[in-house]
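Working notes, structure below.
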Amino acid sequence: MANELWTIGRMLQWLVAYFTKHEIENPRLDADLLVAEVLDVNRLYLYTHFERPLEASELARLKTYIQRRIEGYSVAAIVGKKEFMRLPFVVTKDVLIPRPATETLVETVLEHCGETPLRVLDIGTGSGAIILSLLHYRPQWTGIACDISAAALAVARQNAVRLEVSDRVEIIESDLFRSLADQTFDIIVSNPPYIPDGDIEDLAPEVRHEPMTALRGGEDGLAIYRRMIPAMVPHLRKGALCAVEIGAEQGAAVSALVREVNAFSEPAVRQDLQNLDRVVWWKRI
Numbered sequence: 001m002a003n004e005l006w007t008i009g010r011m012l013q014w015l016v017a018y019f020t021k022h023e024i025e026n027p028r029l030d031a032d033l034l035v036a037e038v039l040d041v042n043r044l045y046l047y048t049h050f051e052r053p054l055e056a057s058e059l060a061r062l063k064t065y066i067q068r069r070i071e072g073y074s075v076a077a078i079v080g081k082k083e084f085m086r087l088p089f090v091v092t093k094d095v096l097i098p099r100p101a102t103e104t105l106v107e108t109v110l111e112h113c114g115e116t117p118l119r120v121l122d123i124g125t126g127s128g129a130i131i132l133s134l135l136h137y138r139p140q141w142t143g144i145a146c147d148i149s150a151a152a153l154a155v156a157r158q159n160a161v162r163l164e165v166s167d168r169v170e171i172i173e174s175d176l177f178r179s180l181a182d183q184t185f186d187i188i189v190s191n192p193p194y195i196p197d198g199d200i201e202d203l204a205p206e207v208r209h210e211p212m213t214a215l216r217g218g219e220d221g222l223a224i225y226r227r228m229i230p231a232m233v234p235h236l237r238k239g240a241l242c243a244v245e246i247g248a249e250q251g252a253a254v255s256a257l258v259r260e261v262n263a264f265s266e267p268a269v270r271q272d273l274q275n276l277d278r279v280v281w282w283k284r285i
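Laid out in structure tokens, this is it:
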């Protein structure tokens with residue numbers, strides 16, 4: 001590869017065919033993103049500079065990226081960044097890659113809460129994508145992001161600085177509410193581990209390269225919900241909103257857990273853009 005003349009156009013054509021052969025789900029998109037990352041340009045540049053040759057150093061870097069993609073790493077994991085809610089986030093092997101479906105959780109909170117100053121808690125924050133997006137779009141809000149992983153919290157802190165919201169968020173190590181004492185909030189959000197243990201082996205290769213602690217939800221995928229939902233009560237102000245991401249078949253089960261707590265309103269289930277159950281939300285009464 002290094003001894004041949006590879007233009008952008010030729011490389012994209014070859015890469016799409018190569019990824020298709022290896023059954024990569026989105027060959028065109030992944031080819032565009034990897035080449036654009038190597039050249040430090042946007043995707044539009046690629047299609048207006050087909051004849052631009054790639055330098056040897058660029059080809060070497062791209063070869064490494066291609067190999068990792070074939071090994072099952074996602075583009076986000078390879079390049080170390082992912083867009084979420086139209087915002088750029090740093091990601092590493094220590095955090096779950098933010099997914100478009102999770103934007104449904106953020107949008108649910110934004111739609112049900114206004115512009116007044118509110119305090120948010122994000123349980124299991126990972127990269128910080130959820131709470132940092134909320135704080136970006138609601139400059140009056142403040143909050144706490146917690147996680148049991150110190151490595152994940154380091155990524156969240158980096159993203160908070162990059163998005164210029166670090167002065168409005170406290171990022172702490174905590175197993176659920178253990179480090180929060182008697183603090184209360186207007187909003188509690190969470191995207192907890194909800195994959196049933198028996199389904200882990202069936203996940204896409206890209207997902208299996210992500211931290212298992214952010215995926216494994218116990219035998220039925222509901223282990224964290226059983227601990228978290230009743231434990232929310234003393235940390236919620238009256239009228240506070242709770243919203244959690246769920247697996248596509250967990251709406252009824254998570255709603256039932258909410259109904260077991262007398263302090264909560266009737267839960268509602270919201271679907272994502274693929275018409276799959278994705279969020280359960282309710283309020284403190």
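For the sequence shown, position 216 matches number 216 in UniProt numbering, and the numbering has no gaps at all.
Yeah, the Cβ is synthetic: ideal placement off N, Cα and C, and Gly gets one too.
Just so it is clear, the structure is predicted and the values come from calculations on it, not from any experiment.
Query                                                                                                    : Result
Host alpha helix (DSSP H) of residue 7 (start-end)                                                       : Here residue 7 belongs to no alpha helix (DSSP H), and DSSP marks it neither H nor E.
Run of the alpha helix (DSSP H) containing residue 206, from where it starts to where it stops           : 205-208
Where residue 57 falls: helix, strand or coil (DSSP)                                                     : helix
At least 3 beta-carbon pairs within less than 8 Å: the stretch 177-185 vs the stretch 114-128            : yes
One or two residues paired with residue 241 in a DSSP bridge                                             : 187 and 283
Test item: CB-CB of residue 179 and residue 124 under 9 Å                                                : no
Nearest to residue 167 (by Cα), restricted to the options 177, 149 and 143                               : 143
Three CB pairs or more closer than 8 Å across the stretch 67-79 and the stretch 125-144                  : no
Residues bridged to residue 287 (per DSSP)                                                               : Residue coverage of the chain in this structure runs from 1 to 285, which leaves residue 287 outside it and unanswerable.
Through-space distance from residue 198 to residue 139, alpha-carbon basis                               : 41 Å
Touching by the beta-carbon criterion (3+ pairs, under 8 Å), the stretch 256-273 and the stretch 200-218 : no
Proximity to residue 173 [Cα-Cα], best of 275, 147 and 47                                                : 147
Under the three-state DSSP convention, the category residue 19 falls into                                : helix
Proximity below 9 Å, CB of residue 177 to CB of residue 132                                              : no
Inter-residue spacing [alpha-carbon to alpha-carbon] between residue 77 and residue 254                  : 30 Å
Local conformation of residue 107 per DSSP, three classes                                                : helix
Cβ contact check for the stretch 155-171 and the stretch 225-242: 3 or more pairs under 8 Å              : no
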